[in-house]
Amino acid sequence: MMMAIVCTAQEKNGQEKVTLTLQDAISLATDSSLAAFRARHTYLVSYWEYRTYKAQDLPQLSLTSTPVSYNQNYVQRYIADTNSEEFRSQQTLNSSIGLEVTQRVRVLGGTFFINSDLSFYKNFSAQDNEQQFSSTPISIGYNQPLFGFNEFKWSKKIEPLKYEEAKRKLLYNMETIAENVTTLFFSYVSASVSYDMASADLVNADSLSAIGRQKYQIASISKADLLTLELDVINARNKLENAKISLSRARFDILSYLGLPEDTRLELLLPDVPSQNVIDPQAALRHAMNNNPEILNMKRRELEAQSNVQRTKVESRFSANLTAAVGFNQAAYDFTGAYKNLNRQDRVYLSLNIPLVDWGVARGRYNMARSNYDITKVSIEQDRISLEQDVIMTVEDFNIQQGLINSASQALALAKDAYSNTMQRFIIGQADVNAISLSLQRQNTAQEAYINALRNYWLSYAKIRRLTLYDYVLDRSLSEGFDRMYGVMPVHRIK
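The sequence shown begins at 34 in my numbering and counts up one residue at a time.
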């Protein structure tokens, strides 16, 4: 856990006190929360998928072997002397081993190969226990599908795009975590402020009730006013209990998300009033088009739909496969003889697959793939429009929120002064109960409005970062630091 960013203190009762700013909470969550762990390992799956794809372009070495194959059975034999067939007992022993190197040729979609093999055969039923060795020291060849679907060509377009999408998706998920933490942070702050206001309201209500009883004794206020003050005490006490429940829930939610112990005494520091930082909607839109993983997802979906159309189109007509190889081989009764006086070995295979009657199955698959491609294009265009609208509206909302924070701050200052003034006037008898209650209500409303304005501002900013994957403070794309932050990640070794 990255506790270096967190201010901690040990209480006398052993309870740990943690003081967090908003940025501290975000850093803690993106470093060690369960959501961050899940996001990183989701990326690791894509990382190893891409590594596997890249490894397939390298030469592949494989060993095949049948160490022992023993058979004892009756086989049907032709007897030339009697011009008849009969079953005879047979015991044979076979063994083989082969080594092959293959290399994919992505542009052509074929496979280049080099192999070598050795086989041994022994017949215990023959005279003198007949045995033979057969070797192919080397054979070089190439296998090429003709008129078929080139899987290698399309994977070269799609797989790198998938991996880049996974990288952007990890950044996107981390910004989603930051947005979630911002929500939980201000939920706890709001609950804390509500609890503090409810506590202050109860103290004020008790004080006003006591003052009211004194004023009632000297007939300065009516019985109705006194009852109203006493009712305010009851309402304030109930409000405090409800605020306590809300605070407990908000505290549990943020502690659970950050992975902190449940008995942690948490203190959150409210962010400062942000400086003026207007974001250009068109610039944010360009960043989103360059960085948002949804854009790469759209490109990948279109390529996959295109490849499916091409696949069904090719499979609806005839296909062929050509394999050619040249090498040397020999057979002998002893091991060394199998590698002497080698004979040239030439192999050429041509296979055809020609569909004659399929009752429209292939054409139906092609038409379905074509329709799916058209649907995908329409869906992609709609997703693009929705993303653009979301970015523009969020940026515009963010720019408006800065002015609302200033207004809310001014309103809060005025409400506090007004309440203080009304309280003084009530004490000297120049303000009635309704005036002091209304003034207190306005102060509480102004306090809540200020917290909500801060919440909306930072949530809008977090959402803009998530949609654009751009740091507007450092003025750079978040992907620029990807290799430094996530390039080397711990992996689980196979035991």
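Cβ coordinates follow ideal geometry from the N, Cα and C atoms, glycine included.
Apart from the five residues just before and just after S227, which ones in its own chain have a Cβ nearer than 8 angstroms to its Cβ?
-> A276, S279, L280, E481
Going by C-alpha to C-alpha distance, which of Q177, S225, R334 sits closest to L302? S225
Q) So S158 and S128 are in contact, right, with Cβ under 8 angstroms, and what is the actual spacing, rounded? A) Their Cβ separation, rounded to whole angstroms, is 17 angstroms, which puts S158 and S128 out of contact at 8 angstroms.
On a CA-only basis, which of K200, E118, P100, S149 is nearest V78? Give me that one, please.
K200
*Leaving out five residues before and five after Y494 in sequence, what residues of the same chain have Cβ atoms less than 7 angstroms from its Cβ?*
F431
_Helix, strand or coil for E348? Go by DSSP, reduced to three states._
helix
- prompt: If we count the other Cβ atoms within 10 Å of its Cβ and call it buried at 16 or more, is Q463 buried or exposed?
  reply: exposed
Q) Does DSSP classify T356 as helix, strand or coil? A) strand
Problem - C-beta atoms of M207 and T75 nearer than 8 angstroms - result: no
**Residue closest to T54, alpha-carbon to alpha-carbon, out of N376, T369, R284, E300** = E300
- [ ] Answer yes or no: do R284 and E49 have a C-beta to C-beta separation smaller than 8 angstroms?
- [x] no
Note to self: Taking its Cβ as the centre, do 16 or more other Cβ atoms sit within 10 Å of M518, making it buried, or is it exposed?
What the structure shows: exposed
Three or more C-beta pairs under 8 angstroms: does that hold for the stretch 216–224 against the stretch 474–490?
yes
| Could you give the residue range of the alpha helix (DSSP H) that holds I413? | 394–460
For F146 and E532, believed in contact at Cβ under 8 angstroms, the rounded distance = The structure shown does not extend to residue 532, since the chain is modelled only from 34 through 528, so no value can be given for it.
- Item | 8 angstroms Cβ cutoff met for L500 and V424 | yes
| request: Could you please give me the residues that DSSP links to L385 through a beta bridge? | output: A353
**Study point:** Distance between E335 and V381 (C-alpha atoms, nearest Å)
**Key:** 39 angstroms
- Helix, strand or coil: which one does DSSP assign to I38? Confidence at I38 is low in this model, with a pLDDT of 44, below 50, so its placement is unreliable and no value can be given for it.
Exercise for the section: Look at the Cβ atom of S510, then the Cβ atom of N213, and state whether they are nearer than 8 angstroms. Expected result: no
Original post:
From K202 to P326, what distance separates their C-alpha atoms?
Top reply: 6 angstroms
Q: Check each candidate in H320, T455, G174, R139 and name the one with the smallest Cα separation from T356.
A: G174
Can you check DSSP and say which residues form a bridge with D379? V359
Around the Cβ of I254, are there at least 16 other Cβ atoms within 10 angstroms (buried) or fewer (exposed)? buried
Check your understanding: For L240, which option in S470, A479, V140 has the closest C-alpha, if you only look at C-alpha atoms?
Key -> The question names Leu, yet the displayed sequence has Ser at residue 240. S240 has its Cα closest to that of S470, out of S470, A479, V140.
Does the distance from the CB of S364 to the CB of A371 come in under 8 angstroms? For clarity, residue 364 is Ala in the given sequence; the question names Ser instead. In contact: A364 and A371 (Cβ atoms closer than 8 angstroms).
Check your understanding: Helix, strand or coil for L301 per DSSP?
Key -> strand
Q.
Threshold first: 3 residues or longer. Then list the beta strand (DSSP E) segments lying entirely within the stretch 67–151, N to C.
A. 93–112, 117–138
Worksheet item: Which residues in the same chain as K332 place their Cβ atom closer than 8 angstroms to its Cβ, once the five residues preceding and following it in sequence are excluded?
Response: L194
One or two residues paired with Y154 in a DSSP bridge: N127, Q165
| said: As a quick exercise: from S168, D57, D150, R137, pick the residue whose alpha carbon is nearest that of N374. | reply: S168
| message | With three or more beta-carbon pairs closer than 8 angstroms as the criterion, would you say the stretch 134–142 touches the stretch 84–98? | response | yes
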